[in-house]
Amino acid sequence: MRARRRRRTDWAKVGLGTFVVLFFLFVMAPIVVVVVVSFGEAEFISFPIQSVSLRWYRRIVEYRPFIDSLLVSLQLAFSSALLACLLGIPAALALARSQRPLAQALATFLLAPLSMPAIVLGFALLYYLSALGFGVSFDALLVAHTVIAIPYVTRNVIAVYRAVPGDLEEAAAILGAGRFETFRLVTLPLIKPGVFAGSLFAILISLDNLPISFFFGTSSTNTLPVVMLSYLQNQFDPSVAAVCTVQMALAVVALLVVERIGDIRSASV
Amino acid sequence: MTAGDIAAVPARRRRARRFVGLGLGWSLLAVGFLLAFFLLPLIDNGIKSFFGPDGFSTAPYRKLLSDPYYLAVTWRTLQVSAIVTVASLLVGYPVAYFFVRYAGRWQTLMIMLLIAPLLTSIIMRTFGWQVLFARRGVVNVVLRDLGIIERPLNLVNDPAMVYVGLVHVLVPFMVLSIAAVLQRIDPRLEESAMILGAGRLRAFLSVTLPLSLDGVATGCILVFMLTNGSFITMLLLGGGNVVTLPLLIYQQFNLTRDTAFAGAMGNVLLVFAVACLFVQLRLIARRGVKA
Chain A
221 MRARRRRRTD WAKVGLGTFV VLFFLFVMAP IVVVVVVSFG EAEFISFPIQ SVSLRWYRRI
281 VEYRPFIDSL LVSLQLAFSS ALLACLLGIP AALALARSQR PLAQALATFL LAPLSMPAIV
341 LGFALLYYLS ALGFGVSFDA LLVAHTVIAI PYVTRNVIAV YRAVPGDLEE AAAILGAGRF
401 ETFRLVTLPL IKPGVFAGSL FAILISLDNL PISFFFGTSS TNTLPVVMLS YLQNQFDPSV
461 AAVCTVQMAL AVVALLVVER IGDIRSASV
Chain B
2 MTAGDIAAVP ARRRRARRFV GLGLGWSLLA VGFLLAFFLL PLIDNGIKSF FGPDGFSTAP
62 YRKLLSDPYY LAVTWRTLQV SAIVTVASLL VGYPVAYFFV RYAGRWQTLM IMLLIAPLLT
122 SIIMRTFGWQ VLFARRGVVN VVLRDLGIIE RPLNLVNDPA MVYVGLVHVL VPFMVLSIAA
182 VLQRIDPRLE ESAMILGAGR LRAFLSVTLP LSLDGVATGC ILVFMLTNGS FITMLLLGGG
242 NVVTLPLLIY QQFNLTRDTA FAGAMGNVLL VFAVACLFVQ LRLIARRGVK A
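Protein chains in written order, with this note's numbering: chain A, 221 to 489; chain B, 2 to 292.
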């Protein structure tokens with residue numbers, strides 16, 4: 221009886237385990253395929269590749285729109301994350317510990333852009349900002365991306381700040397630290413992991429954003445995903461695979477850097 | 002009141018209290034920004050969709066809700082979201098269950114593999130499927146070598162590919178939502194049920210599954226909501242066979258620039274999103290009471 225039950229348990233575990241392995245094959249397959257294809261030599265996309273070369277990486281450098289739009293994308297991602305931090309961190313600190321229903325309603329409102337279909341927001345913002353005189357410009361893109369970035373920053377900072385006991389700041393204040401000193405020396409170091417995590421998400425989301433960015437596309441404001449999409453619709457060669465691989469490498473590096481900083485921070489607290 | 006009127010001790014206490022709760026006023030910058038550039042544009046869009054070149058008109062909505070083609074598109078949007086949600090649930094639940102109950106020291110690796118796709122652009126993942134499902138792609142070659150098919154299938158523009166692509170993008174959200182709730186369920190509850198004579202399946206169905214429904218609901222709402230707004234997968238993998246509202250907005254904007262109509266379609270999508278958000282908030286509120 222006992223032996224039979226154990227064997228049944230194993231069977232369930234093996235079955236589920238196999239399923240999970242297949243699942244991760246499914247999850248990783250398209251990503252691995254793109255990375256491999258980007259190192260191909262042939263003019264057309266084939267998998268598996270016949271010979272290894274870096275020609276499609278050279279093609280990225282030669283094809284101006286890729287580089288130009290990458291620069292626009294990076295500039296946009298970092299500036300919208302910075303703007304979102306400037307707006308979102310004070311808000312997160314103000315709302316995190318308040319029990320008032322108003323504070324909770326406001327916190328929900330700050331997260332609302334996450335739940336709205338981005339394509340509708342992009343469309344609405346295009347006409348709204350044009351009416352305000354922003355036109356189709358980098359500034360308009362910056363405003364739109366900041367709207368999307370604010371929820372990520374606020375959510376992460378709120379989560380971290382809620383876990384920090386209020387005593388620490390109170391102690392600093394009692395010991396005579398001024399308002400700004402307390403913020404700089406106590407609060408800011410404590411919430412730093414949240415700020416970094418929130419900014420990282422905001423940057424990654426901005427770099428990948430298409431539903432908003434494509435509404436604001438001109439030759440000087442095209443972001444990388446917009447250029448990639450139009451390239452993909454006209455040509456089908458491995459250079460897009462190379463761009464994707466570079467983009468992924470950047471994201472992985474950013475994640476490692478942030479985790480590094482986050483770890484050092486929490487280790488020293 | 003001058004500074005001299007305030008004694009040292011009360012001043013310090015007053016200051017201390019201030020630090021514990023930064024005033025709500027500090028949230029005004031962010032709230033104001035979102036009012037101006039998030040809420041107002043959506044409201045503005047809502048109003049504008051009722052005003053065509055000849056003043057007030059409900060024509061876009063009449064077209065959307067009476068023309069069989071557009072009605073079918075609206076219906077298909079919900080249908081695709083529902084199918085992707087159910088498929089993600091069926092695929093994601095066993096993975097979440099394995100993660101919580103059996104993964105052990107593999108948990109870190111599993112988390113990393115679940116998050117890895119989120120670090121890649123959606124174009125990359127969609128492009129990967131295009132390569133895999135191409136006429137001379139891996140899937141066709143394998144199927145032919147196994148003798149299952151004789152001629153390469155034209156998979157790229159098949160509606161099924163859209164579902165594969167969407168599930169691939171969204172299933173990590175489902176797994177993470179369910180795993181978060183499963184983790185809080187005491188495994189001894191299931192063991193007790195088995196000691197009391199329930200079979201493994203019965204113990205799961207009558208103990209663990211009901212307890213995990215909160216996570217299932219959270220994941221489902223999230224996936225449904227995210228599918229509702231997707232169009233890149235439909236655009237690149239659907240070959241025009243799976244037309245949903247977001248894709249139609251994209252096409253209308255690029256081709257016809259019929260802004261009133263695109264705005265109206267956007268508003269219908271927005272209604273779906275607000276409905277999802279409402280359900281989501283209800284779920285969170287319920288969980289808050291429980292905790």
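Don't be surprised by glycine CBs; every beta carbon is placed ideally from N, CA and C. All of these numbers come straight from a predicted model, not from anything done at the bench.
Taking only three categories from DSSP, how would you classify residue i?
i	result
F51/B	coil
V132/B	helix
V182/B	helix
V272/A	strand
G105/B	helix
F232/B	coil
G260/A	strand
G1/B	In the structure as shown, chain B starts at 2 and stops at 292, and residue 1/B therefore has no counterpart that could be examined.
Using a C-beta to C-beta distance shorter than 8 angstroms, which residues of chain A count as neighbours of residue i?
i	result
N229/B	P337
F34/B	L307, T366, V367 and I370
L43/B	M336, V340, L341 and A344
Using a cut-off of 9 angstroms between C-beta atoms, extract the partners of residue i located in chain B.
i	result
V460/A	I124, M125 and F128
Y277/A	Ordered by position in chain B, no residue passes the 9 angstroms Cβ test against Y277/A, which lies about 15 angstroms from the chain.
L362/A	Those do not exist, as L362/A stays about 10 angstroms from chain B at its closest Cβ, beyond 9 angstroms.
Give the C-beta separation of residue i and residue j to the nearest angstrom, bearing in mind that I take them to be a contact with Cβ-Cβ under 8 angstroms.
i	j	result
P413/A	V380/A	6 angstroms
L197/B	S89/B	Going by Cβ atoms, the distance from L197/B to S89/B rounds to 33 angstroms, so no, they are not a contact pair.
L395/A	L296/A	At roughly 42 angstroms, the Cβ-Cβ gap does not stay under 8 angstroms, so L395/A and L296/A are not in contact.
F243/A	V96/B	5 angstroms
L307/A	L30/B	5 angstroms
R375/A	L303/A	Actually they do not touch by this definition, with Cβ atoms about 16 angstroms apart.
Against residue i, what residues of chain B qualify as contacts under a CB-to-CB distance less than 7 angstroms, listed in chain order?
i	result
Q295/A	In chain order: nothing, as chain B lies at least about 17 angstroms away.
Please report the distance separating the alpha-carbon of residue i from that of residue j.
i	j	result
I285/B	T328/A	11 angstroms
V92/B	M175/B	9 angstroms
F134/B	I124/B	15 angstroms
E389/A	L315/A	16 angstroms
V87/B	N268/B	25 angstroms
P250/A	Q131/B	9 angstroms
R19/B	G216/B	Interpretation of R19/B is limited by its pLDDT of 45, a score under 50 that renders its predicted location unreliable; the figure taken from the coordinates is listed afterwards. Computed Cα separation, rounded: 38 angstroms.
L475/A	M468/A	11 angstroms
Y164/B	I84/B	8 angstroms
P42/B	I432/A	13 angstroms
S213/B	L183/B	6 angstroms
M221/A	G235/A	Here the model assigns M221/A a pLDDT of 45, short of 50, so the residue's position is not dependable and the matter cannot be decided.
A312/A	F343/A	28 angstroms
D387/A	F38/B	37 angstroms
Considering only residues of the same chain and omitting the five flanking positions on each side of residue i, which have a CB-CB separation below 6 angstroms?
i	result
A263/B	I250, Q253 and F254
L452/A	V460
F434/A	V446
V208/B	L190, E191 and A194
Spatial neighbours of residue i within its chain, please: CB distance less than 7 angstroms, with the 5 preceding and 5 following residues excluded, ordered by chain position.
i	result
T127/B	G166, I233, T234, L237 and L238
L223/B	F174 and S178
M266/B	L65, L246, L249 and I250
V280/B	I222
Q108/B	F100
List the residues of chain A whose Cβ lies closer than 7 angstroms to the Cβ of residue i, in chain order.
i	result
G216/B	None at all; the shortest Cβ gap to chain A is about 17 angstroms.
I233/B	L430
A276/B	In chain order: nothing, as chain A lies at least about 11 angstroms away.
Do we get a CB-CB distance below 8 angstroms when we pair residue i with the residues of chain D?
i	result
Y251/B	The structure shown has no chain D; the protein chains it does contain are A and B.
Quick one: list the residues of chain B neighbouring residue i, beta-carbon separation under 8 angstroms, in chain order.
i	result
Q467/A	T121, S122 and M125
C464/A	T121, S122, I124, M125 and F128
T374/A	A31
L452/A	I124, F128 and L237
L290/A	Result: empty, since nearest Cβ-Cβ is about 12 angstroms, beyond 8 angstroms.
S266/A	R137
Leaving aside the five residues before and after residue i along the sequence, list all residues of the same chain whose C-beta is less than 8 angstroms from its C-beta, in chain order.
i	result
N141/B	F134, A135, I150, P153, L154 and L156
So residue i contacts chain A; which residues on that side make the cut at Cβ distance below 9 angstroms?
i	result
Y98/B	L236
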